[in-house]
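For the record, in the sequence shown the residue sitting at position 218 is 218 according to UniProt numbering, with numbers rising by one throughout.
Ideal placement from N, C-alpha and C gives every residue a C-beta, glycine not left out.
Note that this is a predicted model, so its numbers are computed, not measured.
Have a look at the structure below before the remarks.
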Amino acid sequence: MITTSVDNIDLNIFRYIGTLSEGDNYSHNLVHIHTNEGQMNVIINGHTFVKPPYTSCELKFASTIVGDKVFARLKQYYKEETYKFVFASASVSLLGSICGYMFEIIAYNELSVGKTFLTRSLEKHKKSSRGKELKLPRFTTKNCYMVDDIEEGKYCKPVAKNFETIDSIYIGKKIDFTFQMTVGRTHDIKQYGYELLHEKLGGESANHTIRHYFVVPKDTYQNFQKQPFTVKKEERGQSKNVVNVKPWITKRIKQHVLLLDV
1 MITTSVDNID
11 LNIFRYIGTL
21 SEGDNYSHNL
31 VHIHTNEGQM
41 NVIINGHTFV
51 KPPYTSCELK
61 FASTIVGDKV
71 FARLKQYYKE
81 ETYKFVFASA
91 SVSLLGSICG
101 YMFEIIAYNE
111 LSVGKTFLTR
121 SLEKHKKSSR
131 GKELKLPRFT
141 TKNCYMVDDI
151 EEGKYCKPVA
161 KNFETIDSIY
171 IGKKIDFTFQ
181 MTVGRTHDIK
191 QYGYELLHEK
201 LGGESANHTI
211 RHYFVVPKDT
221 YQNFQKQPFT
231 VKKEERGQSK
241 NVVNVKPWIT
251 KRIKQHVLLL
261 DV
């Protein structure tokens with residue numbers, strides 16, 4: 001059923017969801033409407049906001065496998081239109097999950113093929129609206145299932161969800177890059193994820209800079225701000241904000257925002 005549905009989709013797949021009188025049955029097999037059945041805590045800039053049940057709504061792919069197949073199909077036959085849709089709809093809350101998923105795939109591919117990107121520092125002492133260009137070489141890519149799989153000199157993409165902080169990472173000889181893709185205007189950083197990566201990033205003896213890049217679309221880039229760190233553990237159902245960030249994180253990790261505009 002999944003294969004048949006994927007083979008019959010076109011760019012209207014997201015328009016038909018939730019309608020009774022138009023569209024086809026294929027779209028509904030692949031993309032589902034999700035709402036919060038219980039109370040939901042939303043963290044924005046380190047502050048927790050409570051949303052009552054059934055007040056949130058967004059579209060999600062039926063599964064990761066379905067998402068991969070749908071994107072592959074759209075990219076093969078409607079690449080230009082699909083990319084335009086993702087970047088134009090990134091700020092639409094209903095489509096946030098869908099666009100975020102596809103944006104991450106696009107970003108991963110774009111960052112690895114050898115291109116130049118506009119970036120700017122998010123650190124307070126380096127305020128600049130002009131930004132700087134970051135020229136990335138063509139990387140050798142590698143999928144990683146565990147932290148130990150990360151290899152120096154390769155652009156590594158975690159394929160397991162136990163990497164809580166990054167979407168991709170490059171460990172070099174003098175500087176390390178970590179990338180976090182987001183279509184949102186805020187994206188807290190889980191300190192615990194960096195703790196797991198500590199040894200791969202040089203451990204206690206290292207002092208070189210780690211550049212943490214938030215990869216964002218055009219409508220988010222200019223106003224994106226430095227993001228807070230949060231801990232993994234929850235206290236009374238709410239994520240706890242980190243007051244005392246680990247010294248090595250404060251010293252070595254420098255936040256930047258990177259514009260992805262294809």
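| query | result |
| --- | --- |
| Can you give me the C-alpha to C-alpha distance between Ser63 and Val159, rounded to a whole angstrom? | 14 Å |
| Would you call Ile175 buried or exposed, if buried means 16 or more other Cβ atoms sit within 10 Å of its Cβ? | exposed |
| Would you kindly work out how many angstroms separate the C-alpha atoms of Phe49 and Thr35, rounded to a whole number? | 17 Å |
| In angstroms, rounded to a whole number, what distance separates the CA positions of Leu201 and Ile171? | 7 Å |
| Select from Tyr192, Pro217, Thr186 and Phe177 the residue whose C-alpha is nearest the C-alpha of residue 283. | Residue numbering for the chain in the displayed model covers 1 to 262; residue 283 lies beyond these limits and cannot be assessed. |
| DSSP three-state label for Lys173, please. | coil |
| Have a look at Thr250 and Phe224 and give me their C-alpha separation to the nearest angstrom. | 20 Å |
| Which whole-angstrom value describes the C-beta separation of Tyr83 and Ile106, a residue pair presumed to lie in contact below a C-beta threshold of 8 Å? | 7 Å |
| Out of Gln76, Lys157 and Pro247, which has the shortest C-alpha to C-alpha gap to Asn143? | Lys157 |
| For Met146, count neighbouring Cβ atoms within 10 angstroms of its own Cβ and tell me buried if that reaches 16, exposed if not. | exposed |
| Could you tell me the distance, in whole angstroms, from the CA atom of Leu260 to the CA atom of Val113? | 13 Å |
| Counting C-beta neighbours from all protein chains within 10 Å, is the total for Arg236 16 or more, i.e. buried, or is it exposed? | In this predicted model, Arg236 has a pLDDT of only 44, less than 50, meaning its place in the structure is not dependable; the value taken from the coordinates is given anyway. Looking at its Cβ environment, which holds fewer than 16 other Cβ atoms inside 10 Å, Arg236 is exposed. |
| Exposed or buried, which one is Val262 when buried takes at least 16 other CB atoms within 10 Å? | exposed |
| Once you ignore the five residues that flank Phe71 on each side, which residues in its own chain have a CB closer than 8 Å to its CB? | Thr82, Tyr101, Met102 and Ile105 |
| With DSSP collapsed to three states, give me the class of Val147. | helix |
| Just how far apart, CA to CA, sit Ile169 and Thr209? | 14 Å |
| Taking the straight line between their C-alpha atoms, what separation do you get for Glu133 and Glu195? | 29 Å |
| Using a Cβ-Cβ cut-off of 7 Å (strictly less than) and excluding sequence neighbours within five positions of Gly131, which residues of its own chain qualify? | Leu118, Thr119 and Arg120 |
| Output yes or no for whether 8 Å exceeds the beta carbon distance between Val86 and Leu59. | no |
| Mapping DSSP to helix, strand and coil, what is Ser112? | helix |
| When DSSP labels each residue in this structure, what does Thr86 get in the three-state scheme? | The displayed chain sequence assigns Val, not Thr, to residue 86. Here Val86 sits in helix by DSSP. |
| Can the beta-carbon of Pro217 be found less than 8 Å from the beta-carbon of Asp188? | no |
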